[in-house]
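Trainee: FYI, the numbering used here numbers position 128 of the sequence shown as 129, with every residue one higher than the one before it. We treat Cβ as the ideally placed atom computed from N, Cα and C, and that holds for glycine. Computed from a prediction, not measured in an experiment: that's the story for all the values here. This structure is in structure tokens; I'll ask about it shortly.
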Amino acid sequence: MPGVLAITAPRFDPRGGASDGEQERSIGQFLRHFDTTSPINAFPLVTLVDDSEFAARNLNNWLWTTFTRSNPAADVTGLGAFVHQKHWGCRGSLIIDARIKPHHAPPLIEDSEVTRRVDALFANNGPLHGLW
Numbered sequence: 002m003p004g005v006l007a008i009t010a011p012r013f014d015p016r017g018g019a020s021d022g023e024q025e026r027s028i029g030q031f032l033r034h035f036d037t038t039s040p041i042n043a044f045p046l047v048t049l050v051d052d053s054e055f056a057a058r059n060l061n062n063w064l065w066t067t068f069t070r071s072n073p074a075a076d077v078t079g080l081g082a083f084v085h086q087k088h089w090g091c092r093g094s095l096i097i098d099a100r101i102k103p104h105h106a107p108p109l110i111e112d113s114e115v116t117r118r119v120d121a122l123f124a125n126n127g128p129l130h131g132l133w
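This is how it looks when you write it as structure tokens:
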């Protein structure tokens, strides 16, 4: 997707607790490497993810990764961030930290045996054949 950059970032490390201060330091480490004149600003939206290859594979993956693994109140910042008359803004790229956090649920992993049994129900001569 033009204008969007997904970067594989180091694993989220709350160092014993997922406090806002720890999260801010983690994102701050990334921000210290750039300013509003950095070439990264050619991308209006930058997402920090655990697996950029997965996130960039298709739009659905990027949307899923970005918006199920980020909290707008804690995980959104920007290069050259500022507040003007109670309105937040940034002069450079908008940054979303979409890495897996300790409070997130574990991933759903398909069990191959269960998949095989369900497929058999819908196969020819199966009890649910023709219903789906």
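1. Assuming the contact rule is C-beta atoms closer than 8 angstroms, A57 and A7 should be a hit. Round their C-beta distance to whole Å, please.
2. Excluding five sequence neighbours on each side, which residues of the same chain lie with their C-beta closer than 8 angstroms to the C-beta of F44?
3. If we require 3 or more residues per run, which beta strand (DSSP E) segments fall completely within the stretch 53–121?
4. Taking the alpha-carbon of L49 as reference, which of I101, A82 and D112 has the nearest alpha-carbon?
5. Taking only three categories from DSSP, how would you classify A124?
6. Determine the direct distance from the alpha carbon of T78 to that of A124, and round the result to whole angstroms.
Mentor: In short:
1. 5 angstroms
2. G4, V5, L6 and S94
3. 77–79, 82–85, 88–91 and 95–98
4. Comparing alpha-carbon positions, the option among I101, A82 and D112 lying closest to L49 turns out to be I101.
5. Residue state, collapsed to three classes: coil.
6. 50 angstroms
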